[in-house]
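Residue numbers (the numbering used here), protein chains in the order written: chain E, 3 to 197; chain D, 3 to 197; chain L, 3 to 197. All C-beta atoms, glycine included, are put in the ideal place defined by N, C-alpha and C. I have placed the structure first, in the form of structure tokens, so that the comments after it can refer back to it.
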Amino acid sequence: MSDRPSIVLIGGGGHCHSVLDVIEQENRFHILGIIDDNLPLDHKILGYSVIGADADIPKFNGESVYFLITVGHIKSYSIRLKLAKLLEKHKYKLASVISPRAYVSSHARIGRGTVVMHNAFVNANVEIGDHCIINTHAGIEHDAVIGDFCHISTGAIVNGNCIIEKGCFLGSNSTISNGKNIVRDSIIGAGTFYK
Amino acid sequence: MSDRPSIVLIGGGGHCHSVLDVIEQENRFHILGIIDDNLPLDHKILGYSVIGADADIPKFNGESVYFLITVGHIKSYSIRLKLAKLLEKHKYKLASVISPRAYVSSHARIGRGTVVMHNAFVNANVEIGDHCIINTHAGIEHDAVIGDFCHISTGAIVNGNCIIEKGCFLGSNSTISNGKNIVRDSIIGAGTFYK
Amino acid sequence: MSDRPSIVLIGGGGHCHSVLDVIEQENRFHILGIIDDNLPLDHKILGYSVIGADADIPKFNGESVYFLITVGHIKSYSIRLKLAKLLEKHKYKLASVISPRAYVSSHARIGRGTVVMHNAFVNANVEIGDHCIINTHAGIEHDAVIGDFCHISTGAIVNGNCIIEKGCFLGSNSTISNGKNIVRDSIIGAGTFYK
């Protein structure tokens, strides 16, 4: 049906809408459908079908399809973590999705299962882990390190040389001062300046 | 003189400067000139002429020209509302202007007389009313609804699933938390986080 | 070796990393190397060599090379000022660097030795002085004036008609209200709204 690899998204809420938009613009994947426990089969999300529930995840042919977790992460990432373990158990391939509207430096590294949304930027020498959300308009400055399962929300800015450890949630439009270390599983309030 | 439709801007202040820049970049309209009550005829604004005052608005041929209100909206939109009623009375055509530097999802809807300025983003499933200003670097996240006559100022972020009712002013770099409802004619201070 | 003019960067820290990324994307200069007092000769920064210390600055052939100060400016710009005087004394040519990912209005003017980083915007009728840093994602709105040696940090927004005098530091994600005058050598805290 398509020369492009297929992708299945897990989670059909609002974050999924944004990610669908990015995948369409990136035009690198054929969107097979969405897995969601709370939506009926064949329910349409921006024109794409719900094709199963979490219990169906083990039934896929792991050779021919990529997966991406599109459950949102507001404060807690426990559902995303559980799903990631399930995908890992089945040795499924994880997609990384980068909006063509984002800027990712050629000197940066992006993990597996991570999305970089429209208008975000990832500057020189940055390292981003697996299963992260670098949301719309967010920015990661030079030499920063972002651990696995972090959500850098819309418009948030991580300044140069910061280390954001695993599982952090940085609220919308928050700002992290140069060179700070945000410890594991921290929640930084929206609109705040962390210094 | 030009195959492109003509446009007349109403209001020659600072917001007009920004909009002129966007219209030039969009390159979709021939700029006929600017209507302003406080500037002399033939006064130049970025090279374009003041061609009349508000009293001249009824004299145009509504078949051949589009209109856009470029009076700013800081806190109050009463002048913009009055002008909109005047344009409506004459059944004039309203331009919508979208910067080629902005991102507007193909899953979003934009009203008439609305401008989306440089570097702004309008994400999937968003609905924006008439006569709105989505200013430079502002962002509207997935599934949000913006009523008529709203000004989302520079760098402000409306997060997912918000409803911003008619006539709201969201100050520069303000942030609206996910799923909030901002009631009609609200003023949200610059730099604040509304939760 | 290259038809493009050569450029030497002075200062090899984090800000230099970001600037190197911009110069690469702009693709207008051949990067000759970096001058740094604290790094050994031939040390590599994103693949480019340290080629000398400040004491070597007078030894260049000023006809064939451009210079850009890439020492950062957090709060104080005294080192940048001292280097600028040295470059001036030798009548060296100053590079201005504008990311192709930034937006600079054709109605704006940018000084010498100034950098406009990725995703920044400089709107209509803006005037920016010499040796400024308009950092990633920062925005300067219509009709604003930015003096020499200002650093508008990541994500900061200067709204319309502001005057930012010489040597100001506007912290990350700070916001300046419309029409304000920020006096010489001011420091505006990150994340704050100045009204």
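Using a Cβ cut-off of 8 Å, pull out every chain E residue sitting near residue i, in sequence order please.
i	result
ALA126/D	HIS19, SER20, LEU22, ASP23 and LEU48
HIS144/D	GLY16, HIS17, HIS19, SER20 and ASP23
LYS197/D	ALA192
Please identify the residue among the options whose C-alpha is closest to the C-alpha of residue i.
i	options	result
LEU41/E	LEU34/E, ILE112/E and ILE53/E	ILE53/E
LEU89/D	LEU70/D, ALA104/D and TYR105/D	LEU70/D
GLN27/E	ALA126/D, THR72/D and TYR50/D	ALA126/D
ASP150/D	HIS45/D, ILE81/D, CYS134/D and ILE9/D	CYS134/D
PHE62/D	GLY35/D, LYS84/D, GLY74/D and THR156/D	GLY35/D
ASP56/E	VAL128/E, ALA86/E and ILE47/E	ALA86/E
THR116/D	LYS46/D, ILE165/D, VAL99/D and VAL128/D	VAL99/D
ILE59/L	SER80/L, GLY49/L and LYS84/L	LYS84/L
ASP132/D	VAL147/D, GLY113/D and ALA122/D	GLY113/D
ALA97/E	GLY14/E, ASN137/E, THR138/E and VAL21/E	VAL21/E
ARG103/L	GLY14/L, VAL118/L and HIS19/L	VAL118/L
ASN29/E	ARG6/E, GLY15/E and LYS46/E	ARG6/E
THR72/D	ILE159/D, ILE33/D and ASP44/D	ILE33/D
ASN183/E	GLY193/E, ILE165/E, ASN175/E and ALA192/E	ILE165/E
GLY64/L	LEU43/L, VAL160/L, ILE9/L and GLY157/L	ILE9/L
HIS144/E	ASN137/E, ASN175/E, GLY157/E and SER179/E	SER179/E
LYS46/E	PHE31/E, ILE136/E, GLY15/E and ILE189/E	GLY15/E
VAL67/E	GLY49/E, THR177/E, TYR79/E and HIS92/E	HIS92/E
ALA24/E	THR177/E, ILE136/E, ILE81/E and ARG82/E	With the sequence shown as reference, residue 24/E is identified as Val, and Ala is not the correct amino acid for it. Checking every option, the nearest Cα to that of VAL24/E belongs to ILE136/E.
TYR50/L	HIS19/L, ARG111/L and SER80/L	HIS19/L
SER188/L	TYR105/L, GLU129/L, GLY13/L and HIS75/L	HIS75/L
ILE81/L	ASP44/L, TYR105/L, THR177/L and ASP38/L	ASP38/L
GLU167/D	ALA146/D, VAL185/D and ILE130/D	VAL185/D
SER155/L	VAL128/L, ASP44/L, ILE190/L and GLY13/L	ILE190/L
Would you list the one or two residues that DSSP bridges to residue i?
i	result
LEU11/E	ILE36/E and LEU70/E
LEU1/L	For chain L, the structure presents residues 3 to 197; residue 1/L sits outside this window and is missing.
PHE195/E	THR177/E
HIS153/D	ILE135/D and PHE171/D
GLU129/L	ARG111/L and VAL147/L
SER51/L	LYS46/L
TYR105/L	PHE123/L
ASN183/L	ILE165/L
GLY59/L	Residue identity differs from the one stated: residue 59/L is Ile in this sequence, not Gly. DSSP, once it has assigned bridges, lists no residue as partnering ILE59/L.
ILE190/D	LEU172/D
ILE142/D	VAL124/D and VAL160/D
VAL117/L	VAL99/L and ILE135/L
Hey, residue i and residue j are a contact pair by Cβ (cut 8 Å); roughly how many whole angstroms apart?
i	j	result
PHE171/D	LYS95/D	Not quite, the Cβ-Cβ distance comes to about 26 Å (not below 8 Å), so this is no contact.
SER107/L	HIS120/L	Wrong, their Cβ atoms sit about 17 Å apart, outside the cutoff.
CYS152/L	GLY169/L	7 Å
GLY141/L	HIS139/D	5 Å
PHE123/E	ALA192/L	PHE123/E to ALA192/L, Cβ: 18 Å. No contact.
ASN175/L	ILE159/E	6 Å
HIS109/L	LEU48/D	5 Å
GLY157/L	THR177/E	7 Å
Run down chain L in chain order and give the residues with a C-beta less than 8 Å from the C-beta of residue i.
i	result
ILE159/E	HIS139, THR156, GLY157, SER174 and ASN175
ALA122/D	Going along chain L, no residue has its Cβ under 8 Å from ALA122/D, so there is no contact; the nearest lies around 10 Å.
ALA55/D	Those do not exist, as ALA55/D stays about 22 Å from chain L at its closest Cβ, beyond 8 Å.
LYS87/E	By Cβ distance, chain L contributes nothing, its closest Cβ being about 35 Å from LYS87/E, past 8 Å.
For a contact defined as C-beta to C-beta under 7 Å, what are the partners of residue i on chain E?
i	result
ARG30/L	The contacting residues do not exist; ARG30/L stays about 17 Å from chain E at best.
GLU90/D	What GLU90/D touches in chain E: nothing, since even the nearest Cβ is about 33 Å away.
GLY191/D	Within chain E, no residue comes near GLY191/D; the closest Cβ sits about 11 Å away, beyond 7 Å.
GLY162/D	GLY16
Anything in chain L within Cβ reach of residue i, meaning under 7 Å, just list it in chain order.
i	result
LYS182/E	Residues of chain L passing the Cβ test: none, with the nearest at roughly 11 Å.
TYR79/E	By Cβ distance, chain L contributes nothing, its closest Cβ being about 24 Å from TYR79/E, past 7 Å.
So which residues of chain L does residue i contact, with C-beta pairs closer than 9 Å?
i	result
ILE76/D	ASN180
TYR94/E	Per Cβ cutoff of 9 Å: no residues; TYR94/E is ~33 Å from chain L at best.
GLY206/D	There is simply no residue 206/D to check, as chain D begins at 3 and stops at 197 in what is shown.
Determine the chain D residues that contact residue i at a beta-carbon separation under 7 Å, and present them in chain order.
i	result
ARG103/E	TYR105
HIS109/L	ASP23 and LEU48
GLY13/E	Simply none; closest approach about 13 Å.
Got a sec: does the ligand ZN put a non-hydrogen atom nearer than 7 Å to the Cβ of residue i?
i	result
SER179/D	You won't find the ligand ZN in this model; it holds no ligand whatsoever.
List the residues of chain D that residue i touches, going by C-beta distances under 9 Å, in chain order.
i	result
PHE171/L	Correct list: empty, because the minimum Cβ distance to chain D is about 17 Å.
At a CB-CB cut-off below 8 Å, which residues of chain D make contact with residue i?
i	result
THR194/L	GLY193
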